[in-house]
Each structure stands twice: as structure tokens, then as C-alpha cells.
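See below for the structure under consideration.
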Amino acid sequence: MDYIEILPRREGTVVRNIRSFSAAEILDCGQCFRWENTAENTWRGVAFGRVCTLVEEEGALYFPHASVEEFKRVWFDYFDFGRDYNEIKALLCQDKNAARAVDFCPGMRVLRQEPWEALCSFIISQNNNIKRIRGIVARLCEFFGEPLGDGLYAFPAPQRLTGLQKEDLEPLRCGFRAEYILHAAQMVAGGDIDLQAMYTMNLDSAREQLRRIRGVGPKVAECALLYGMGRVECVPVDVWISRVLERMYPQGLPSEMASVGGIAQQYLFHYARHSPAFAGDA
DNA sequence: TACCAGGGCCTTT
DNA sequence: AAAGGCCATGGT
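First residue of the first sequence: 0, per numbering that gives the first Met the number 0; consecutive thereafter.
Put into C-alpha cells, the structure is as follows:
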């Protein structure tokens, strides 16, 4: 297990003995849409209604604006420090293909984002590219989220969006997704769907409930469960993963990986999109 | 069943 | 600079 050390600094918190962490791999891989590389080794983002600054140092991570208490309460779980990635990587690397992907991005992790933000973000993500998704999400937060200073905004709660008409979302320029967002907000705010319960409930029931939302198909439901509800056995299949499955796993992912299939998918997705080796190999 | 809407980014030409 | 491909879902 990674035993990370969490220590106060005069300003903020430093975390040492971190393995398996690369901010670029984690924050710029299409699993989240609100982090920016603001300076060398420095990233700034918003999650759980809080601004977070993160500096990658030699063998450590520095959170200049987070107290030890806030780190433990919010960011420890968000960055999934409670999970032993070394153990998972060891398991995945028994397979030759997965080992290549893990070697390509050994600092990858699956974030534990807020359920509503993940659901809403991945509704926006459908039939869309990462650049544009980031723009739409940014405008959604600017128009409807609580200001947090520094020109940053919280992700708007579903309650904030109920009662809006799709015309009200025109400034987001999200096209046909506007009515999907509003329908999702109504279902969640109205209690028709309990996102919190989806952390632990039967997986197929969760999938079924999510798919009652207009605009939520199998891919989006799987993304919401994986990135928003901590369901790491979920494997969203987009075109990239579909290529990976075709070429590397025509019989499907090995059953040994099933319990962490979503994490395996994260390595493989990044590998397929960015490795010249994958692109070059017909 | 097959096909298209919606729109902006990307790659190729 | 222009053209064409891409994308997840729902509706026709």
C-alpha cells in the first residue's frame, strides 16, 4: 500500500511518498473538464465547490491553499489516495497489452468526482470533443454556479437549473444537449433519482435508473458511475476503447480485471489516444 | 432498419 | 483556406 505522508507547511499542505501520480495524465485525459495547467508543474481546478491549487514537486505534491484538515476531508478522496494503485497496476501488468498501457501512463488515476457534476459533464460530453466540452462546462459554471473568486465558479447544483427553459441555456452553446441537462437536473433535484444511493446500490439498477434520463445512454451512464459514483468496475466504451477491444481483447477484457475494469479502461484509453505505438500498429 | 440532427474541433487536402 | 470526419443519443 502507498503510505502517503500528509504534513502541514507554513502555507498549505504537502503530501509525500506519493507514487502513481501524474497531474498531466490525470487532469488532462478527458475524465474531468475543470482543471487548468496554470504554470510550470501547477494546476488549478474546482471541485466540491472549492478551488484547489496543486503543485508537483520532487517526490511530493504541494497544496498551497489547503489545510491538512481540508486535504484529508476533500482532496484525499478526490484524488483516490485511499486506493492502492501499485497493487492494481501489478494485477493489470500480468496482461501484456495492459502492461504497455500502464507503462505509458504510470501516474494515471481515476478521480472520485461529485456525482451530479460527473453525470452532467458526461451528458455534455456525448458526440463532442474535449475542447468543446470544457468550454460548455466552463460557461455552465460561469452562468449558473456560485462565484468562488478569481473568476472561478462552483459547478451549479441541479436545484439551480430546475425551472429553466432550454432557451436559458443558449449561451452555453451546447446544442441539443440543453434539454438533456434540464431533464437530468429535474430528475435529480426532484428526487426521482438518488445519485448518492448509486455508490452502493446494485449496479444494473443504477444503470437502469440513470438511463431514465433523456440523453443518458449506456456510455454516459457508465461514465457517471465510474467517475461520479466510484464504481470502478464500470467500463465506458467509446470509439477509442472499442478500438482497443477490437485489437487487443477480441474476447473482452480478461475476467481478472473485471473488478477494476474502469481503471484498466483509463490506462488503455490514454494509451490508445496518445501512444504512437498504438496508432502505428494496424 | 438505416439515417440524420446539432456544432465545433480536428486532420487532411 | 476549404473540405470532410468525428462523436452518443434520440427521433424519424
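Just so it is clear, CB atoms sit at the ideal spot from N, CA and C, and this is done for glycine as well.
Every value quoted in this text rests on a predicted model; they were computed, and no experiment measured them.
Other residues of its chain near residue i: CB distance less than 8 Å, five sequence neighbours each side excluded
i           : result
residue 178 : 165, 213, 214
residue 240 : 234, 264, 267, 268, 271
residue 211 : 186, 191, 192
Pair within 8 Å by beta-carbon distance, residue i and residue j
i           : j           : result
residue 225 : residue 235 : yes
residue 284 : residue 110 : Residue 284 falls outside the range modelled here, since the chain spans only 0 to 281, and no answer is possible.
residue 92  : residue 269 : no
residue 306 : residue 53  : The chain is shown from 0 up to 281; residue 306 falls before or after that span and cannot be answered.
residue 97  : residue 278 : no
residue 115 : residue 14  : no
residue 112 : residue 219 : no
residue 25  : residue 82  : no
residue 129 : residue 67  : no
residue 45  : residue 147 : yes
residue 257 : residue 232 : yes
Chain-order list of residues whose beta-carbon lies under 6 Å from that of residue i (same chain, five-residue window excluded)
i           : result
residue 20  : 106
residue 243 : 267, 271
residue 32  : 120, 132, 133, 136
residue 55  : 22, 40
residue 145 : 153
Spatial neighbours of residue i in its chain, beta-carbon cut-off 7 Å, leaving aside the 5 residues before and after
i           : result
residue 65  : 11, 12, 51, 74
residue 2   : 16
residue 143 : 155, 159, 160
residue 49  : 73
Exposure label - residue i; buried when at least 16 CB within 10 Å
i           : result
residue 261 : buried
residue 227 : buried
residue 122 : buried
residue 229 : buried
residue 221 : buried
residue 246 : exposed
Cβ contact (3+ pairs, closer than 8 Å) linking the region 165-174 and the region 195-205 | no
Go through the region 136-185 residue by residue and report every complete run of the beta strand (DSSP E) that reaches 3 residues or more, in order.
-> 146-148
Which residue spans inside the region 223-262 form an unbroken alpha helix (DSSP H) run of at least 4?
-> 238-247
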